[in-house]
Ligand code: ATP
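Residue numbers (UniProt numbering): 1 to 214.
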């Protein structure tokens, strides 16, 4: 049986220590050798990231440069149109083969809006969902049918490692009160982001003036 492989999707505008610390904790807990960061292309009708796609990837590269756990998958940015997560998962499943355990990492806030994702009930046909705790978000879904779906698919560590897909793992990760929205707000106001972002990312943002002006 191949080892569990994980992808972590996000806007990463910018990547921060909440993302990185959760992913590192999950890798230790679940014996994962590689977490692939998957920056999203944001659909035109939604508020656009402040950083360009190129800048968001540059920040990812700087954030992970000294940590072999991480790699970057830019496939969603290389398309002209935004991709649904389910479409990317279909491609990933084809690439890793039918039997490799594959996980998609999300935060608790994303789990609470999972029923707004395209074809959300099919997601578990392709991967496990690993859910990192996030302070300030409810532990239960407000829609009882969605909550029942979450409970029904609850999986433990051996199940994630031995089955290719189908489980939802609510991970007991540390609580990181860090969000990209708050970081951008702090940078707009010239406030320090020490300990919220890797130093290499802070340096790049300071040098380029990214996020300084709205
Ligand atoms: P924003 O504040 O702009 O919404 P964000 O900080 O949530 O941004 P995203 O790039 O949107 O960052 O997040 C990508 C994924 O990482 C999402 O599934 C989100 O739930 C998760 N995530 C982000 N920050 C944390 C955190 N501090 N703890 C746990 N999960 C997180």
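Each residue gets a CB set at the ideal place from its N, CA and C atoms; glycine is no exception. All values derive from a computational prediction rather than experimental measurement.
{"Item": "C-alpha gap between residue 7 and residue 190, whole angstroms", "Value": "33 Å"}
{"Item": "C-beta contact flag for residue 180 and residue 13 at 7 Å", "Value": "yes"}
{"Item": "Outcome for residue 207 when other beta-carbon atoms lying within 10 angstroms are tallied against a minimum of 16", "Value": "exposed"}
{"Item": "Alpha-carbon spacing of residue 196 relative to residue 18, whole angstroms", "Value": "8 Å"}
{"Item": "Beta carbon nearer than 5 Å to a non-hydrogen atom of the ligand ATP", "Value": "10, 11, 12, 18, 22, 106, 107, 109, 110, 132, 134, 176, 178, 179, 180 and 181"}
{"Item": "Alpha carbon of residue 148 to alpha carbon of residue 117, nearest angstrom", "Value": "17 Å"}
{"Item": "Limits of the unbroken beta strand (DSSP E) element including residue 174", "Value": "No beta strand (DSSP E) holds residue 174; DSSP gives it neither H nor E."}
{"Item": "Ranges of the alpha helix (DSSP H) found wholly within the region 7 to 33, counting only runs of at least 4", "Value": "17 to 30"}
{"Item": "Euclidean distance between Cα positions of residue 127 and residue 22", "Value": "19 Å"}
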